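According to my numbering, the sequence shown is numbered sequentially starting from 190.
Note that the Cβ used here is the ideal one computed from N, Cα and C, for glycine as well.
None of the values given here were measured: they were computed from a predicted structure.
Worksheet: one structure, shown below.
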Amino acid sequence: ATVRGARRTRVCVCVCDIMAALLRAAGNGLARRARDSASSFAVASQQRGLAKKSAAAGDDAMTIEIPVPFKAHNIEAPSQMVETSKSEIVDMFTQAYLMRRLEIASDVLYKGKFIRGFCHLYDGQEAVCVGMEAALTKEDAIVTSYRDHCTHLGRGGTPLEVMAELMGRVDGASKGMGGSMHMYKRDTNFFGGNGIVGAQTPIGAGLAFSYKYNKQPNVAVAMYGDGAANQGQLFEALNIAALWDLPLIYVCENNHYGMGTAIARSAKSPEYYKRGDYVPGLRVDGMDALAVKQAIKFAKAHCVSGAGPIVLEMDTYRYHGHSMSDPGSTYRTRDEITGIRQERDPVERLRKLIQHHELLAPEEIKAIEKSQRKIVDDAVAAGKSSPEPDSNALFRNMNQVSDGIVIRGVDSGVRTDLATVQP
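So this is what it looks like as structure tokens:
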């Protein structure tokens with residue numbers, strides 16, 4: 190009820206003002222680990238010849254080796270060999286490309302003042318959502334931070350729901366009353382974005398508790414960034430999740446900057462997958478959709494077996510600034526951003542995988558890109574034409590019975606001495 194209420198009012202959008210005060214000001218330090226998993230990087234060459242057709246005749250199944258090794262803490266790492274298929278890889282590319290185009294369109298709309306307020310874009314991190322959904326079902330639950338547009342798409346939401354919500358229109362995911370940070374899709378167990386830094390981490394523990402209490406074979410995923418990794422509430426929730434062996438996957442999307450502060454300046458120990466101490470952890474190449482799929486599949490099996498929670502650190506990167514108010518170039522160099530784009534871009538890696546293994550002809554790839562661009566363009570047009578919420582919507586889901594209620598300190602003409610208030 191609390192989550193549903195949060196998505197119904199714009200009041201929740203305002204709470205993110207606290208976030209700016211909580212995080213430290215941007216510095217000039219550069220994150221050194223942004224290229225760690227890209228060192229000696231040769232995804233194209235390493236994946237060439239590593240895919241093998243399944244022994245099942247007529248099947249499009251494939252086995253592909255993940256080029257960047259997993260790093261494990263208090264657990265044995267999963268295999269580097271991923272079972273996949275032509276259809277899955279093509280679907281991953283299609284979804285990732287759609288997400289990229291949607292975020293590019295959001296950037297344009299924001300600059301055109303169709304979108305106002307807070308807006309945090311996800312371009313560069315698409316492999317996390319795409320790979321994660323490949324290993325989960327819609328019966329599993331996800332709760333995330335305010336960078337939630339693509340998570341909504343991954344959970345089965347439509348581009349129109351995202352675009353309309355960004356513009357404050359009734360066809361939006363939260364009926365136009367939540368905005369960028371409050372996407373929500375209850376029918377597929379997406380419990381939304383959250384405007385308070387780290388606030389989703391105890392919610393994730395609660396979702397995991399519900400699965401264990403109801404004896405459901407599912408897992409809850411709570412996503413947070415490296416900026417939220419130092420929050421006390423995260424460790425409190427992790428402690429109780431470990432104590433009760435809850436089926437909870439904590440996913441730290443380490444894009445190397447908490448707002449404008451590099452991880453080297455904000456974390457004494459930036460190995461976030463080890464932060465659970467007694468809780469197992471895994472570091473994953475978060476720019477590789479297949480690596481993410483393998484890690485989430487492994488983590489889900491671990492959790493539903495009754496072994497308790499696990500922490501996954503996704504080594505990823507965002508191309509835009511922290512939000513649309515951040516140019517993203519004062520605390521990192523353009524060469525750094527360009528280098529990541531050229532070497533690790535998640536959409537391009539999927540495209541190259543398709544091209545190398547000749548899963549699609551060049552014209553088929555172009556057709557997919559064209560169709561996804563049209564889907565986004567149509568969603569933008571439909572979002573613009575969608576009406577704004579009626580003013581009466583401000584009073585929905587609220588207690589309107591005010592008889593006998595005294596609000597202290599609000600109306601100077603009303604007595605505020607509770608001793609004089611009649612029951």
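Whose CA, out of the options, lies closest to the CA of residue i?
i	options	result
Lys559	Phe380, Leu549, Gln483 and Arg290	Arg290
Gly387	Thr333, Gly395 and Ser363	Thr333
Leu583	Met366, Glu272, Gln483 and Gly449	Met366
Gly330	Ala418, Ser514, Val410 and Ala556	The sequence as given places Ala at residue 330; Gly does not occur at that position. Ranking Ala418, Ser514, Val410 and Ala556 by Cα distance to Ala330 puts Val410 first.
Asp280	Ile543, Asp434 and Pro578	Ile543
Asn419	Ala456, Tyr467 and Tyr446	Ala456
Thr273	Phe282, Asn444, Met251 and Val257	Met251
Leu287	Val317, Pro348 and Tyr439	Pro348
Met412	Val317, Lys300 and Phe487	Val317
Glu277	Ala324, Leu355 and Tyr520	Ala324
His491	Asp567, Pro436 and Ser399	Pro436
Arg305	Met356, Ala484 and Trp433	Met356
Leu396	His545, Thr505, Leu427 and Ile385	Leu427
Gln561	Val257, Ile264 and Phe282	Phe282
Using the rule of at least 16 other Cβ atoms within 10 Å of the residue's Cβ for burial, across every protein chain shown, is residue i buried or exposed?
i	result
Asp524	exposed
Gln284	buried
Gly381	buried
Gln531	exposed
Val351	buried
Arg375	exposed
Pro551	exposed
Arg585	exposed
Thr450	buried
Lys489	buried
Gly345	exposed
Asp567	exposed
Met587	exposed
Val565	buried
Asp312	buried
Near residue i, which residues of its chain fall below 6 Å by C-beta distance, leaving aside the five closest residues on each side in sequence?
i	result
Gly528	none
Gln269	Glu254 and Ile255
Ala266	Phe259
Tyr373	Arg196, Ala362, Ser363 and Gly381
His309	Tyr335, Arg336 and Ser512
Asp592	none
Lys463	His262 and Gly470
Asn403	none
Gly510	Pro516 and Gly517
Lys275	Asp249 and Leu548
Thr340	Cys318 and Thr333
Ile207	Because the pLDDT of Ile207 is 34, which lies under 50, any placement of that residue in the model is unreliable, and the question is left without a value.
Val624	For residue 624 there is no data in the structure shown, the boundaries of the chain being 190 and 612.
Gly343	Cys318 and Glu322
Phe487	Pro267
Arg222	Low per-residue confidence applies at Arg222: pLDDT is 39, beneath 50, and the placement is therefore not dependable, though the value from the model is reported in the following sentence. Hits under 6 Å: none found.
Cutting at 7 Å between CB atoms, please list the residues of its own chain near residue i, excluding the five before and the five after it.
i	result
Ser575	Ala353, Arg358, Val359 and Asp360
Gln422	Gly387, Thr390 and Pro391
Gly447	Leu212, Gly414, Asp415, Gly416 and Ser455
Met503	Val317, Val440, Cys441, Glu442, Asn443, Val473, Gly475 and Val481
Tyr299	Cys308 and Met513
Glu315	Ala285, Met288, Arg289, Cys339, Pro535 and Val536
Gly495	Asp434
Ile526	Tyr508
Ile429	Ala394
Within its chain, find whatever has a CB closer than 8 Å to the CB of residue i; leave out the 5 residues flanking it on each side and keep chain order.
i	result
Glu328	Asn378, Gln405 and Asn407
Glu425	Pro391
Ala431	Gly465, Tyr467, Val468, Gly497 and Pro498
Ser458	Arg464
Thr326	Asn407
Lys401	Trp433, Asp434, Leu435 and Pro436
At which residues does the alpha helix (DSSP H) containing residue i begin and terminate?
i	result
Glu553	Pro551 to Ser574
Ala394	Gln389 to Tyr402
Ile526	Arg523 to Arg533
His338	His338 to Gly343
Lys260	That residue, Lys260, is in no alpha helix (DSSP H); its beta strand (DSSP E) goes Lys260 to His262.
Asp329	Note, Asp329: premise wrong, no alpha helix (DSSP H); not H, not E.
Leu349	Pro348 to Leu355
Thr283	Lys275 to Lys300
Ala145	The shown model of the chain, from 190 to 612, leaves out residue 145, and the question about it has no answer.
Leu583	First-last for Leu583: undefined, no H or E at that position.
Asn428	Gly421 to Leu432
The beta strand (DSSP E) with residue i in it runs from where to where?
i	result
Lys443	This sequence places Asn at residue 443; Lys is not what is there. Residues Leu437 to Asn443.
Ala496	Looking at the DSSP string, Ala496 is not in any beta strand (DSSP E), and its letter there is neither H nor E.
Ile253	Ala250 to Glu254
Ala411	Ala409 to Gly414
Val473	Gly470 to Asp474
Q. Quick one: any contact between the stretch 525-543 and the stretch 464-481, if contact means 3 or more CB pairs under 8 Å?
A. yes
Q. Just checking, does the stretch 482-500 make contact with the stretch 287-306 on the three C-beta pairs under 8 Å criterion?
A. no
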